[in-house]
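Enquirer: Residue numbers (our numbering): 103 to 740.
What follows is the structure, encoded as structure tokens:
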């Protein structure tokens, strides 16, 4: 099922046209009837002579209600472009036409209304003017149908023209993720909250669960209607009314979006390709970087700033790759058409297509423009590669990639290995399944990880290496553990990085110790070799060696990493050789006692004081060698 929308200047007869065409008065509000103008969106359904059902959205024509008009035409497939025969093209005629073009509406019917109020000669002149106005536009060859309220057959001709139009239109995607930009929310007595809109893509069924974004509210779909008739399902292109009993109507409204859980997310930044209109009034013909604007996508209107990525200003008819930084979050998808109006005074200046619906703030404008240029490709393979190239996670699973592209998984999979080889994409088996990444992106991130280690060596030349956790934090604190570990293991296997104890270093790196540190290391080793003191604290070591605490900490770190020194509970240290020797003695003694021994018995057997014994036994507990049972120790697994 398709949805058509009206467009045109105020008082050119759009609502009367809908009434004569469908028998439905689309003006619902008492204020609309009193003032004689449309304020809100109106809805009707038409059955064509060939038996096709089509939804019809009537939009207000007054310039003060452009926001409402945009919300109505954002999801239409074709337009009934209305011009009054007694007035011809007027200011809102032009702006409405610009809007439907910018929103990607490429087919429709031109309807000359009020032909009963103009002479035939004037009607011919208006039609000639219209042909000139529509020249070199998608409606250049659209049929022009003249209607008269006193001639029923003129509407019959229009209904046949609608049939022809429907045969030319392409249906919206029904296999993608469901998305319903909400244009109306209200409460129905006995049912609760109802939301309506034109389904942008996908399918929703009775009983499904949907999220309302950006509010983050979930609800089961209790029932569905399409133009007053109950149905079990609505699909892309159809008008739909969803009964959502779990959603408070006060919390949502026009601009909210109904979609499946965990697929779309509301974002404050959107990237796209922007096109400036031509023949703009003076004062609107130049758009500068970071200008404050009003951004329209779906049924949303949000204030924000437009950041130009490949230029500093855009003139009439010009194009630019841009990022919108918004004051409120909204939901969009790649490929959505958007509209831009000036902040104040209000005027439509351009529009374009969304390239990244959940963008990050760009630090390098030129690099961002290069990436967006790739994302604007129509080649699906190139789009998949571009999504991986710019992915902050480096490696992603199929579900995450499909979510970013706003495609179903089965549409993404043919463009990934092993189904698609030699595409610049590689995949790995991670602990939680297969991960995919751009070969180019992975190489760049590997080099970046190496550079982080090298920078550490340059700053801490006496340290043998970086702690694994410090490397991950310095490289990318947002990276998932499994991805970081996989990348690190690849670099270790390739010999680009190496392990030194528990630390990570550049392959072949040797700490640079000056003479003071070398002398200190010699003295520290000599002190540790004294058998009279089995355990040492940093203070005791410093007192014995005469070393400053800062120097001592460096030297302790070197010996811990080399394996010469072992760390014990309570801030104690001991020679690793001594700890291994004691471990074997304890294991042998406990075995000789039948698998369990009292602490006092172990103390007497080893000849240690309690001060020295307890940290060592706690170390064995932590290492999984022994298990404390009251005042005794038993061997684990025995």
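Each residue gets a CB set at the ideal place from its N, CA and C atoms; glycine is no exception.
What residue from 440, 432, 540 has the CA that sits closest to residue 485's CA?
Expert: Sequence index remark: in the chain shown, residue 485 carries index 383 (1-based). Residue 485 has its Cα closest to that of 540, out of 440, 432, 540.
Enquirer: Taking residue 337 as the reference, which of 105, 632, 728 has the closest Cα?
Expert: For the purposes of this step, residue 337 is taken as residue 235 along the chain shown, with counting starting at 1. The shortest Cα separation from residue 337 among 105, 632, 728 belongs to 105.
Enquirer: Find the nearest neighbour of residue 372 within the set 350, 341, 356, 406, judged by alpha-carbon distance.
Expert: By 1-based counting over the chain shown, the position of residue 372 is 270. For the residues 350, 341, 356, 406, the minimum Cα distance to residue 372 belongs to 406.
Enquirer: Measuring CB atoms only, is the region 437-451 touching the region 390-397, in the sense that at least three cross pairs come out at less than 8 angstroms?
Expert: Contact between the region 437-451 and the region 390-397 is present, because at least three Cβ pairs lie under 8 angstroms.
Enquirer: Report the rounded CA-to-CA distance for residue 283 versus residue 179, giving the unit in angstroms.
Expert: Start at 1 with the first residue of the chain shown, and residue 283 comes out as number 181. Start at 1 with the first residue of the chain shown, and residue 179 comes out as number 77. Distance between the alpha carbons of residue 283 and residue 179: 15 angstroms.
Enquirer: Answer yes or no: the CB of residue 287 versus the heavy atoms of the ligand FAD, is any distance below 8 angstroms?
Expert: Judged by which ligands are present, the structure shown has none, so any question about the ligand FAD falls away.
Enquirer: For residue 723, collect the residues of the same chain with a Cβ closer than 6 angstroms to its Cβ; drop the 5 residues on either side in sequence, then sort them by chain order.
Expert: Stepping through the chain shown from its first residue, residue 723 is reached at position 621. Hits under 6 angstroms: 730.
Enquirer: Can you tell me whether residue 725 is buried or exposed, with buried defined as 16 or more other CB within 10 angstroms of its CB?
Expert: Taking the first residue of the chain shown as 1, we reach residue 725 at position 623. Under this definition residue 725 is an exposed residue.
Enquirer: On the DSSP letters alone, give me the boundaries of the alpha helix (DSSP H) that residue 583 sits inside.
Expert: Here residue 583 refers to the residue found at position 481 of the chain shown. Looking at the DSSP string, the run of the alpha helix (DSSP H) that includes residue 583 is 583-596.
Enquirer: Considering only residues of the same chain and omitting the five flanking positions on each side of residue 529, which have a CB-CB separation below 6 angstroms?
Expert: Mapped onto the chain shown, residue 529 falls at position 427. Around residue 529: 519, 536, 538.
Enquirer: Relative to the C-alpha of residue 578, which residue among 216, 651, 493, 107 is closest?
Expert: Mapped onto the chain shown, residue 578 falls at position 476. It is 493 whose Cα lies nearest to the Cα of residue 578.
Enquirer: Rounded to whole angstroms, what's the CA-CA distance from residue 527 to residue 551? Just pull it up for me.
Expert: Here residue 527 refers to the residue found at position 425 of the chain shown. Here residue 551 refers to the residue found at position 449 of the chain shown. The alpha-carbon atoms of residue 527 and residue 551 are separated by roughly 20 angstroms.
Enquirer: Please report how far the alpha carbon of residue 311 lies from the alpha carbon of residue 291, in whole angstroms.
Expert: Position 209 of the chain shown, counted from the start, is the residue given in the question as residue 311. Position 189 of the chain shown, counted from the start, is the residue given in the question as residue 291. So the alpha carbons of these two residues sit roughly 22 angstroms apart.
Enquirer: Here's the rule I'm using: 16 or more other beta-carbon atoms within 10 Å means buried, otherwise exposed. How should residue 381 be labelled?
Expert: Numbered from 1 along the chain shown, position 279 holds the residue referred to as residue 381. Exposed.
Enquirer: What residue does the beta strand (DSSP E) around residue 734 start on, and which one ends it?
Expert: Numbered from 1 along the chain shown, position 632 holds the residue referred to as residue 734. Segment 734-737, the beta strand (DSSP E) holding residue 734.
Enquirer: Can you tell me the Cα-Cα spacing of residue 514 and residue 232, whole angstroms?
Expert: The residue you call residue 514 lines up with position 412 of the chain shown. The residue you call residue 232 lines up with position 130 of the chain shown. Approximately 44 angstroms, taken between the alpha carbons.
Enquirer: Can you give the Cα-Cα distance for residue 260 and residue 160, rounded to whole angstroms?
Expert: Along the chain shown, read from residue 1 onward, the residue named residue 260 stands at position 158. Along the chain shown, read from residue 1 onward, the residue named residue 160 stands at position 58. Near 16 angstroms, if we compare the C-alpha coordinates of residue 160 and residue 260.
Enquirer: Which residue spans inside the region 335-384 form an unbroken alpha helix (DSSP H) run of at least 4?
Expert: The qualifying runs do not exist here; there are none.
Enquirer: Cutting at 8 angstroms between CB atoms, please list the residues of its own chain near residue 354, excluding the five before and the five after it.
Expert: Locating residue 354 in the chain shown gives position 252, counting from the first residue. Excluding residues within five positions, the ones whose Cβ falls inside 8 angstroms are 284, 287, 295, 297, 314, 317, 319.
Enquirer: Can you tell me whether residue 198 is buried or exposed, with buried defined as 16 or more other CB within 10 angstroms of its CB?
Expert: Taking the first residue of the chain shown as position 1, residue 198 is located at position 96. The residue is buried, with at least 16 neighbouring Cβ atoms inside 10 Å.
Enquirer: What's the gap between the Cα of residue 680 and the Cα of residue 601?
Expert: On the chain shown, position 578 is the one that residue 680 refers to. On the chain shown, position 499 is the one that residue 601 refers to. Cα-Cα distance, rounded: 24 angstroms.
Enquirer: Do you know whose CA, among 126, 300, 250, lies nearest residue 273's CA?
Expert: Working through the chain shown from its first residue, we reach residue 273 at position 171. Out of 126, 300, 250, 300 has the C-alpha closest to the C-alpha of residue 273.
Enquirer: Buried or exposed: residue 243, going by 16 or more other Cβ atoms within 10 Å of its Cβ?
Expert: Here residue 243 refers to the residue found at position 141 of the chain shown. Exposed: under 16 other Cβ atoms inside 10 Å.
Enquirer: Report back the beta-carbon spacing between residue 168 and residue 448 to the nearest angstrom; my notes put them in contact at under 8 angstroms.
Expert: Along the chain shown, read from residue 1 onward, the residue named residue 168 stands at position 66. Along the chain shown, read from residue 1 onward, the residue named residue 448 stands at position 346. With 8 angstroms as the limit, residue 168 and residue 448 qualify as a contact, their Cβ atoms being about 7 angstroms apart.
Enquirer: Is the Cβ-Cβ distance between residue 340 and residue 321 less than 9 angstroms?
Expert: Taking the chain shown and counting its residues from 1, one reaches residue 340 at position 238. Taking the chain shown and counting its residues from 1, one reaches residue 321 at position 219. Not a contact, by the Cβ cut-off of 9 angstroms.
Enquirer: I want to know whether the region 547-563 touches the region 502-513 - three or more CB-CB distances under 8 angstroms.
Expert: Judged by Cβ distances under 8 angstroms, the region 547-563 makes no contact with the region 502-513, as fewer than three pairs qualify.
Enquirer: Mind the definition here: the region 137-147 touches the region 179-188 only if three or more C-beta pairs lie below 8 angstroms; say whether that holds.
Expert: As far as the Cβ criterion goes, the region 137-147 does not touch the region 179-188, which means the pair count is below three.
Enquirer: Give every residue of the same chain whose Cβ lies closer than 8 angstroms to the Cβ of residue 51, excluding the five residues on either side of it in the sequence, and list them in chain order.
Expert: There is simply no residue 51 to check, as the chain begins at 103 and stops at 740 in what is shown.
Enquirer: Which residues does DSSP list as the beta-bridge partners of residue 327?
Expert: As a working note, residue 327 is residue 225 in the chain shown. Beta-bridge pairing links residue 327 to 332, 343.
Enquirer: Does any C-beta atom of chain D lie closer than 9 angstroms to the C-beta of residue 302?
Expert: The structure shown has no chain D; it contains just one protein chain.
Enquirer: Could you spell out where the alpha helix (DSSP H) holding residue 683 opens and where it closes?
Expert: One-based indexing of the chain shown puts residue 683 at position 581. First-last of the alpha helix (DSSP H) with residue 683: 678-694.
Enquirer: Would you call the CB atoms of residue 639 and residue 688 closer than 9 angstroms?
Expert: Your numbering for residue 639 matches position 537 in the chain shown. Your numbering for residue 688 matches position 586 in the chain shown. No.
Enquirer: With DSSP as the reference, label residue 779 as helix, strand or coil.
Expert: With the chain covering only 103 through 740, there is no way to say anything about residue 779.
Enquirer: Assign residue 288 to one of three DSSP states: helix, strand, or coil.
Expert: Here residue 288 refers to the residue found at position 186 of the chain shown. Three-state result, residue 288: strand.
Enquirer: Thinking C-alpha only, which one of 146, 423, 404, 436 is nearest residue 445?
Expert: Start at 1 with the first residue of the chain shown, and residue 445 comes out as number 343. Minimum Cα distance to residue 445 is reached at 404.
Enquirer: As a quick exercise: from 222, 175, 384, pick the residue whose alpha carbon is nearest that of residue 158.
Expert: Against the chain shown, residue 158 aligns to sequence position 56. It is 175.
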